[in-house]
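Visitor: Mind looking over this structure? Questions follow.
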Amino acid sequence: MSMNFENFDVHDCTIITKAVKSRNVENVEKVIASLLSHGLDITHSLCTPDQQGYSALHHAVLYKDLAMVKKLLMYADKRCINMESHDRSTALLLLCRNCLASDLEEEILASLLHAGANPDLPEKDPFSLPLLCALERRWWRGAELMLDAGADATATDFEHDELPATYFARYNFEILSNLLSRGCDCPHLNGWITNRSLTDAQLKTILPNSGLSNPGNYQFWLDVLIDAVSVSYHESAMYILDHCAFDMHQLEHLIEDIFKPNNGINWADKNKYITVMMKKIFMSNDRHHNKNDQLIDLFLTCATSCPMFDDGEVCCGSCDVNVEQIWIILEHIIRLAEHNGLPIEKWELSKERLKITFCNMILAVAQCDYEDPQIDLNVLNLVLYETTLCSVPLVLKLLPLMKQKDVVYTSVSEHRGMSFRSNTSFFMPSHLTVRFYAEQCNVTASESDFKYSMPLMVPDQRILE
Numbered sequence: 035m036s037m038n039f040e041n042f043d044v045h046d047c048t049i050i051t052k053a054v055k056s057r058n059v060e061n062v063e064k065v066i067a068s069l070l071s072h073g074l075d076i077t078h079s080l081c082t083p084d085q086q087g088y089s090a091l092h093h094a095v096l097y098k099d100l101a102m103v104k105k106l107l108m109y110a111d112k113r114c115i116n117m118e119s120h121d122r123s124t125a126l127l128l129l130c131r132n133c134l135a136s137d138l139e140e141e142i143l144a145s146l147l148h149a150g151a152n153p154d155l156p157e158k159d160p161f162s163l164p165l166l167c168a169l170e171r172r173w174w175r176g177a178e179l180m181l182d183a184g185a186d187a188t189a190t191d192f193e194h195d196e197l198p199a200t201y202f203a204r205y206n207f208e209i210l211s212n213l214l215s216r217g218c219d220c221p222h223l224n225g226w227i228t229n230r231s232l233t234d235a236q237l238k239t240i241l242p243n244s245g246l247s248n249p250g251n252y253q254f255w256l257d258v259l260i261d262a263v264s265v266s267y268h269e270s271a272m273y274i275l276d277h278c279a280f281d282m283h284q285l286e287h288l289i290e291d292i293f294k295p296n297n298g299i300n301w302a303d304k305n306k307y308i309t310v311m312m313k314k315i316f317m318s319n320d321r322h323h324n325k326n327d328q329l330i331d332l333f334l335t336c337a338t339s340c341p342m343f344d345d346g347e348v349c350c351g352s353c354d355v356n357v358e359q360i361w362i363i364l365e366h367i368i369r370l371a372e373h374n375g376l377p378i379e380k381w382e383l384s385k386e387r388l389k390i391t392f393c394n395m396i397l398a399v400a401q402c403d404y405e406d407p408q409i410d411l412n413v414l415n416l417v418l419y420e421t422t423l424c425s426v427p428l429v430l431k432l433l434p435l436m437k438q439k440d441v442v443y444t445s446v447s448e449h450r451g452m453s454f455r456s457n458t459s460f461f462m463p464s465h466l467t468v469r470f471y472a473e474q475c476n477v478t479a480s481e482s483d484f485k486y487s488m489p490l491m492v493p494d495q496r497i498l499e
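For the sequence shown, the numbering used here puts the final residue at 499, and the numbers step up evenly by one.
This is the structure we're talking about:
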């Protein structure tokens, strides 16, 4: 039996809710007008729930009646607007849990938010949150409005298995970027990259506003960068590299990963990475950063061309090495360094880095009985130490350049674990070793290319300390 709203009990605290349930906005207007004429508190009636704990506003939102919602909001305070039902649902949560992403729902949402609806309620141990409900239902405009209204992008709830909001934004990269920029974690991003459910172009669209400059996110973005490199998403990877202020150790990790031999990155892309990496090296503000060490690290990694050595095997001198392409990359490094005021002849490995990187060399050379040991940590000597049979042509390209710059060769040219005609490893002066390599590879080396000198010797303890 329908209720007569021409004659009703004005002291019935649920009368407005009953009028809303009639689904007739005129009845709501009559009730409100009558209550006002009797000087009664409309707010009290608006906040009085029915047996379900639903207020008049809850029902108006469930009916998706925009006119009714707007009428109620004219008299509701924030307590009424954010009132929770017995199942802890606010009017905003009810809207988002039942949304169809319609224009009407967008207007209702905008009206609620403008009136003071809190998108982060229920707050304590929430079973369900409006933002996550909207994202799950791909109501992108609704999610955008709530984020603009201050919704906590990092909040999680029980109904959505404590998953971050980014998990539900996978199909809208603008929203995904928005969430990332507001500090929301995205632990699934790496998986989306490696299984290629996210393309390079799509990944790059979310990066500009994704908090790349936040130091707390650098390790996360380092992992993303490495995964992007692994699937040849080079545009995105270079963007991350260019915009994240990675520390010295993170850059070393990237150098090793990006520039190691046979990692599937073509030469043109490696050259692009060189440009970005050199920019990072020279622009770094890390107080622990040593440009010389990182330049040499980058140079040696690019110069290490033997795929067998990278696999822990002994070089046989017949590896498929593209010396010309490697030399193009090395020349690119040399030019960029010189442009930034650090020509190759001034590169010198720090003694601290020597102890870390070439500890095997130090121990091995220390066993050799030479008098007056001396050490010159220029890049040529370090390259000579790293030389394998297949990279001799590369060394022979480097020798004339270093000779022009008056670099002294004082290095052994034997790598750890490498053998020549027998299974035993041994040291020999650089000129003899390179000559031996040249003979093995049928490369002609001029007598004037080499200086007879003592091999690289370990300095005494005073130098290392």
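Quick reminder that beta carbons are idealized off the backbone N, C-alpha and C, glycines included.
Please read these numbers as outputs of a predicted model, since none were measured by experiment.
(1) Could you round the C-beta distance between I330 and L370 to whole angstroms and report it? I think they count as a contact, below 8 Å.
(2) Would you call G184 buried or exposed, if buried means 16 or more other Cβ atoms sit within 10 Å of its Cβ?
(3) Just the C-alpha distance for S425 and I368, rounded to the nearest angstrom, thanks.
(4) Considering just the uninterrupted stretch of the alpha helix (DSSP H) at C340, what are its terminal residues?
(5) Given L256, which residues of its chain have a CB within under 6 Å of its CB, disregarding the five upstream and five downstream residues?
(6) Roughly how many angstroms separate the alpha carbons of A90 and A135, rounded to a whole number?
(7) Quick one: residues in its chain with C-beta nearer than 6 Å to the C-beta of S270, no 5 flanking neighbours on either side, listed in chain order?
(8) I need the DSSP call for N415, collapsed to helix, strand or coil.
(9) Secondary structure at G73, three-state DSSP: helix, strand or coil?
(10) Just mark H268 as buried or exposed, buried being the case when its beta carbon has 16 or more other beta carbons within 10 Å.
(11) If you draw a straight line from the alpha carbon of F460 to that of L418, how long is it in whole angstroms?
(12) Can you tell me whether DSSP reads A199 as helix, strand or coil?
(13) For S145, I'd like the list of residues in its chain whose CB is within less than 8 Å of its CB, leaving aside the five on either flank, ordered along the chain.
(14) Within a Cβ cutoff of 7 Å, which residues of the same chain sit near L223, ignoring the five residues on either side of it in sequence?
(15) Could you check if F161 is buried or exposed, using at least 16 other CB atoms within 10 Å of its CB as the buried criterion?
(16) Which stretch, first to last residue, makes up the alpha helix (DSSP H) that contains E379?
(17) Can you give me the Cβ contacts of A177 inside the same chain, cut-off strictly under 7 Å, excluding the 5 residues immediately before and after it?
(18) Under 8 Å, do R171 and C133 count as touching if we go by C-beta distance?
(19) Could you give the residue range of the alpha helix (DSSP H) that holds T228?
(20) Taking 8 Å as the threshold (C-beta atoms), are A151 and L11 in contact?
(21) Suppose the cutoff is 6 Å on Cβ atoms and the five residues either side in sequence are ignored; what does the same chain contact list for L155 look like?
(22) State whether the segment 296-306 contacts the segment 373-380, with contact taken as three or more CB pairs (one from each stretch) at a distance under 8 Å.
(23) Got a sec? Which residues, its chain only, sit under 6 Å from N324 by beta carbon, not counting five neighbours each side?
(24) Taking the C-alpha atoms as reference points, what is the distance between K439 and V413?
(25) Between T228 and the rest of its own chain, which residues show a CB-CB distance below 8 Å, the 5 nearest in sequence each way excluded?
(26) Sorted by chain position, which residues of the same chain lie with C-beta nearer than 6 Å to C130's C-beta, five sequence neighbours on each side aside?
(27) Helix, strand or coil for D504, going by three-state DSSP, please let me know.
(28) Quick check on the burial criterion: 16 or more other C-beta atoms within 10 angstroms. Buried or exposed for T77?
(29) Taking the alpha helix (DSSP H) that V54 falls in, what are its first and last residues?
(30) Suppose you measure from the CA of L241 to the CA of S68; what does that come to, to the nearest Å?
(31) Apart from the five residues on each side of it in sequence, which residues of its chain come closer than 6 Å, Cβ to Cβ, to V59?
(32) Exposed or buried, which one is T28 when buried takes at least 16 other CB atoms within 10 Å?
Guide: By the coordinates alone:
(1) No, I330 and L370 are not in contact; Cβ-Cβ is about 14 Å, not under 8 Å.
(2) exposed
(3) 18 Å
(4) Here C340 belongs to no alpha helix (DSSP H), and DSSP marks it neither H nor E.
(5) Q284
(6) 23 Å
(7) D234, L237, K238 and A262
(8) helix
(9) coil
(10) buried
(11) Low confidence applies here, because F460 scores a pLDDT of 30, under 50, leaving its location unreliable; read the following figure in that light. In a straight line, the C-alpha of F460 is about 14 Å away from that of L418.
(12) helix
(13) L100, V103, K104 and L107
(14) V258
(15) exposed
(16) Note, E379: premise wrong, no alpha helix (DSSP H); not H, not E.
(17) L165, A168, L169 and I209
(18) yes
(19) L223 to T228
(20) No statement about residue 11 is possible, as the shown extent of the chain runs from 35 to 499 and does not include it.
(21) N116 and T124
(22) no
(23) S384
(24) 12 Å
(25) D261, S264 and V265
(26) P164, C167 and A168
(27) This structure cannot speak to residue 504, because the chain is shown only from 35 to 499.
(28) exposed
(29) I49 to K55
(30) 56 Å
(31) A101 and M102
(32) Past the edges of the chain, shown from 35 to 499, lies residue 28, and the structure says nothing about it.
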